[in-house]
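As they're listed, the protein sequences go chains A and B.
Quick note: the first sequence uses numbering that gives the first Met the number 0, first residue 0, plus one each step.
Quick note: the second sequence uses numbering that gives the first Met the number 0, first residue 0, plus one each step.
Think of the CB as a built atom: it goes at the ideal place given N, C-alpha and C, for glycine as much as any other residue.
Please read all numbers here as calculations on a predicted model, not as lab measurements.
Working notes, structure below.
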Amino acid sequence: MTDVLRASAVRTATRRPGSLWRRHREWITPVLLLAPGLILFLLIIVIPTLQSFRLSLYDWDGIGPMSWVGLGNYSELFADPQFLTSLKNNIIWLILFLLAPVGGLVLALLVNQKVKGIRLAKSLFFMPLVLAPVTVGVVYSWFYDPTFGMMALIFNAFGATPPAILSDPDLVTFGIVAAALWPQVAFCMVLFLAGLNNLDEDVLGAGRVDGARGFPMFWHVVLPQLRAASFIALTVTVIGALRSFDLIAIMTQGGPYGSSSVLAYQMYEQAIFSYRMGYAAAIATVLFGVMAVFIIWYLSRVVSAEARRDR
Amino acid sequence: MKKRSDVPFGTASRRTVLKTLAAGAGVAALGGGWSGAAFAEDRVLTINTNISGEGQRKLMAQFIEEFTKETGIQVQQNAMDHEGYKTAIRNFLVANPPDVCLWFSGDRMRAFVNRGLFDDMSDLWVKEGWADKVGALTTTVTVDGKQYGVPTGASFWGIWARKDYLDKYADGKAPATWDELLAFGDKMVADGISPFAIGTKDLWPAAAWFDYLNLRINGYDFHMKLMAGEASYEDPKLDAVFDKWQELVDRKFFIPNHTSYDWQGAVPFLLQGKAGMYLMGQFLTRNIPAADLDKYTYLQFPTIDPAVAIAEEFPVDSMHIPSGAKNKDLARQFIAFFYQPQRLALWVEPEGNIPTRSDVPVLKKDWLLEKGQAILQSAKSASQYYDRDTDPDMAQIGMNGFQQFMADPKSRKAVQARLEQARKRIYKQS
């Protein structure tokens, strides 16, 4: 497609020198090349997002007439105790999920050693990434089952009463985050492994010559070279924590009585079960606002990094 | 283009496949422009279904095949997941209506009728003379004297009980009153058995308890007023309901940690004897190994106040024609074809549903069905179920509240206040 465009562009340019095309091709070419992507982005992301903002100002059940309520959905939302619970859980997810890059780095350093059988260990650590999130959720639900589950068996073996993690409003979010961390740590491990493979041997050698070993070597020589990998791992983890939804839907459906819900799940519940599209859109807008903070931070980092490289 | 018309047989199947995909993705345009003249009837009848059981899924495919053979009309079935269908129907009825769809009768149907989304089928009822055959159940699909669908099958509710525990703790006598139920349960608790299995992770199983306690204590009329948003969730009449319910919770009548289990996850408690009973619809029969089925019996929910007329839960499924259907004549033809006594008899069999026509032949003598019919015959009126009788938004908040109350009875007042606040918002009252 782009080749055709370029070919025809070249032809036009040679046929009529000094034409409109020649004067404007500086900007027409990039615009034409970007157009398909931009149009799709506009249609699939930007317009629905704006529509969703608009919807959040209406009361709508999905089929009937829409009625304007202004900021009514928002004022109801901020007074809704369920919203505060969901927001609190989102923050718990966010903080605990930061363990994923750390855990991933430790695992990556561990399995990067040249030891016999390490390939097997590497594949085992990698395994949860291959599983669908639904599978992870189901497996962990079975594990946590307070009557028939493996954890119950272990506790019973020691004569203790197993905690009902998914039934306890104080523990449930931690139980789900633990399940979610399993594949997330593996994902970060893969990112760091890729980074470790690209370490500059010369820099490492220079470090060795200067007598760096053990932790100082890691901290001052290896880690700075993993900057790019850490940045990606952190960003992906933050976004992953904020859009957490699948495991909650599988493991608890937001329960018991909404205590493990997060914004994304509450939005789904309001739209799908309660048919409150406007209210759900208001939740989505708030979630968008929270995510936007991180996205802006991410973009500014990327832009400034590019600016540095250009210089 | 040419290649396609070279393979006449491949075309048909490939077209069907593509159309399914296209319809599923909402890109109906993909399938357009291909219709060859291979068939006598050019129009294709579309049916959207939400069948969850294997048996009925096979039957629907079989009926469609027979229908095509008999009439030459091609049928396109869009089979959807049962839960996802509840959301999808709001979109497809407006944006891309099929010719026939499955749904639930009663309030769930009325919501669409009021918005003009279901077609009036009274003409077909008159032509086929169904009113005499369907009898009282006609009311489930009637709004303002007009029929908007056909009832296809009904579920019924009661208490599944282990016969061995009934013999051991109640001398084989089914508890008929509240006190007998408590006495029976207390003996089980003393032996470390939970009287009732329940899985409230799904939320809706808790609603059965609310419905039955309210029906038995306050009666059908008050219950339906509450369902219609005309009575308060803080009405003093409900105190007795929550009192009785709390009595069960306090006596440890329910399995521990029931919020960890969905309704199917709680079944092993009954099967393994960790629990003695399960308040559940007849469809639990699918979850009990066939060889063990004779170890269980089905009881009517006990009487609490003898002065209150007996009412039972009786959810009725139904089949409708959307107002926006393109082939309403074909849809009527299909429904008339489907709604024959012989086919209906096959249709209700796999789920153990009660047939909705009086002239449906009995294919197999079934003790469960007989129990169900006996239970229903003793009832003066029937509700459909909490999440079918009340507004979906109210149902979601209500069932969440019931789950919380069962897990933490101290939250009772807070739950009632929250439900009442929701009722006022939903039914626009202050």
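Counted within 10 angstroms of its Cβ, other Cβ atoms place residue i as buried (16 or more) or exposed
{"i": "Arg89(B)", "result": "buried"}
{"i": "Thr284(A)", "result": "buried"}
{"i": "Leu83(A)", "result": "exposed"}
{"i": "Met59(B)", "result": "buried"}
{"i": "Trp203(B)", "result": "buried"}
{"i": "Glu311(B)", "result": "buried"}
{"i": "Asp160(B)", "result": "The question names Asp, yet the displayed sequence has Ala at residue 160(B). Under this definition Ala160(B) is a buried residue."}
{"i": "Val266(B)", "result": "buried"}
{"i": "Gln341(B)", "result": "exposed"}
{"i": "Glu268(A)", "result": "buried"}
{"i": "Val26(B)", "result": "The predicted position of Val26(B) is uncertain, since its pLDDT is 36 and thus under 50; a value taken from the coordinates is nonetheless stated next. Exposed, by the Cβ-count rule."}
{"i": "Ala28(B)", "result": "Caution applies to Ala28(B), whose pLDDT of 37 falls short of 50 and renders its modelled position unreliable; the model cannot decide the point."}
{"i": "Tyr426(B)", "result": "exposed"}
{"i": "Val45(A)", "result": "exposed"}
{"i": "Ser74(A)", "result": "exposed"}
{"i": "Asp166(B)", "result": "exposed"}
Partners in chain A for residue i, counting only beta-carbon separations shorter than 7 Å
{"i": "Ser259(B)", "result": "Asp144, Pro145, Ala163, Leu165 and Ser166"}
{"i": "Gln402(B)", "result": "Gly254, Pro255 and Tyr256"}
{"i": "Arg109(B)", "result": "Within 7 Å Cβ-Cβ: nothing; Arg109(B) doesn't reach chain A, min ~14 Å."}
{"i": "Val93(B)", "result": "Ile62"}
{"i": "Asp392(B)", "result": "Ser273, Tyr274 and Arg275"}
{"i": "Pro194(B)", "result": "Here the premise fails: no neighbours, minimum Cβ distance about 16 Å."}
{"i": "Pro354(B)", "result": "Result: empty, since nearest Cβ-Cβ is about 31 Å, beyond 7 Å."}
{"i": "Ser213(B)", "result": "The displayed chain sequence assigns Asn, not Ser, to residue 213(B). Chain A residues near Asn213(B): none, gap ~20 Å exceeds 7 Å."}
{"i": "Asn399(B)", "result": "Tyr256 and Gly257"}
Close beta carbons around residue i, own chain, < 7 Å, minus the five adjacent residues each side
{"i": "Gln332(B)", "result": "Thr70"}
{"i": "Gln183(A)", "result": "Phe96, Ala99, Thr236 and Gly239"}
{"i": "Ala421(B)", "result": "Met393 and Ile396"}
{"i": "Phe111(B)", "result": "Leu92 and Phe117"}
{"i": "Ser410(B)", "result": "Gln403 and Phe404"}
{"i": "Tyr57(A)", "result": "Met65, Ser66, Trp67, Val68 and Gly277"}
{"i": "Gln55(B)", "result": "Trp346, Pro349 and Glu350"}
{"i": "Tyr295(B)", "result": "Trp159, Ala160, Arg161, Lys162 and Ile287"}
{"i": "Ser259(B)", "result": "Lys200"}
Within chain A, partners of residue i - CB distance below 9 Å
{"i": "Thr86(B)", "result": "Gly61, Ala270, Ile271, Phe272 and Tyr274"}
{"i": "Arg422(B)", "result": "Here the premise fails: no neighbours, minimum Cβ distance about 13 Å."}
{"i": "Arg114(B)", "result": "Ile62 and Gly63"}
{"i": "Arg89(B)", "result": "Asp60, Gly61, Ile62 and Tyr274"}
{"i": "Pro267(B)", "result": "Thr146 and Phe147"}
Where residue i meets chain B, residues with beta-carbon distance less than 9 Å
{"i": "Gln252(A)", "result": "Lys200, Asp201, Leu202 and Asp261"}
Identity of the residues DSSP links to residue i by a beta bridge
{"i": "Gly157(B)", "result": "Met279(B)"}
{"i": "Cys100(B)", "result": "Asn47(B) and His319(B)"}
{"i": "Lys145(B)", "result": "Val142(B)"}
{"i": "Thr296(B)", "result": "Ala160(B)"}
{"i": "Val74(B)", "result": "Leu44(B)"}
{"i": "Gly435(B)", "result": "Since the first residue of chain B shown is 0 and the last is 429, residue 435(B) is not available in this structure."}
Residues near residue i by beta carbon distance below 6 Å, same chain, minus five either side
{"i": "Asp78(B)", "result": "Sequence check: residue 78(B) is Ala here, not Asp. Contacts found: Thr48."}
{"i": "Phe253(B)", "result": "Phe195 and Ile197"}
{"i": "Gln415(B)", "result": "Tyr232 and Glu233"}
{"i": "Asp438(B)", "result": "Shown here, chain B extends from 0 to 429; a query on residue 438(B) therefore has no answer."}
{"i": "Asn72(A)", "result": "Ser55, Gly277, Tyr278 and Ala281"}
{"i": "Gly275(B)", "result": "Arg161, Tyr164, Met187, Ile192 and Pro194"}
{"i": "Gly264(B)", "result": "Gly198"}
Contacts that residue i makes with chain A (C-beta to C-beta distance below 8 Å)
{"i": "Gln395(B)", "result": "Glu268, Phe272 and Ser273"}
{"i": "Arg285(B)", "result": "Residues of chain A passing the Cβ test: none, with the nearest at roughly 20 Å."}
{"i": "Ala406(B)", "result": "Ser166, Pro255 and Tyr256"}
{"i": "Asn217(B)", "result": "Within 8 Å Cβ-Cβ: nothing; Asn217(B) doesn't reach chain A, min ~24 Å."}
{"i": "Asn77(B)", "result": "What Asn77(B) touches in chain A: nothing, since even the nearest Cβ is about 19 Å away."}
Proximal residues to residue i (C-beta, below 8 Å), its chain only, five neighbours per side dropped
{"i": "Thr284(B)", "result": "Leu292, Gly351 and Leu367"}
{"i": "Leu233(A)", "result": "Leu97 and Pro100"}
{"i": "Ala271(B)", "result": "The question names Ala, but residue 271(B) is Gln in the sequence shown. The answer is none, since no qualifying residue turns up."}
{"i": "Ser382(B)", "result": "Asp210, Leu214, Tyr219, His222, Met223, Met226, Ala310, Glu311, Glu312, Phe313 and Asp388"}
Residue-chain proximity (residue i, chain C), Cβ-Cβ < 9 Å
{"i": "Asn49(B)", "result": "In the structure shown, chain C does not exist; the protein chains are A and B."}
At least 3 beta-carbon pairs within less than 8 Å: the stretch 303-315 of chain B vs the stretch 152-160 of chain B: yes
At least three beta-carbon pairs within less than 8 Å, the stretch 120-134 of chain B to the stretch 94-110 of chain B: no
Cβ pair count under 8 Å reaching 3, the stretch 298-308 of chain B against the stretch 168-185 of chain B: yes
Three or more C-beta pairs below 8 Å linking the stretch 254-265 of chain A and the stretch 162-180 of chain A: yes
The stretch 207-214 of chain B touching the stretch 375-395 of chain B, judged by at least three CB pairs closer than 8 Å: yes
The stretch 118-133 of chain A contacting the stretch 216-230 of chain A, beta-carbon criterion three pairs below 8 Å: no
Cβ contact (3+ pairs, closer than 8 Å) linking the stretch 111-126 of chain A and the stretch 259-267 of chain A: no
Validate contact between the stretch 198-205 of chain A and the stretch 105-119 of chain A using beta carbons, cut 8 Å, 3 pairs: no
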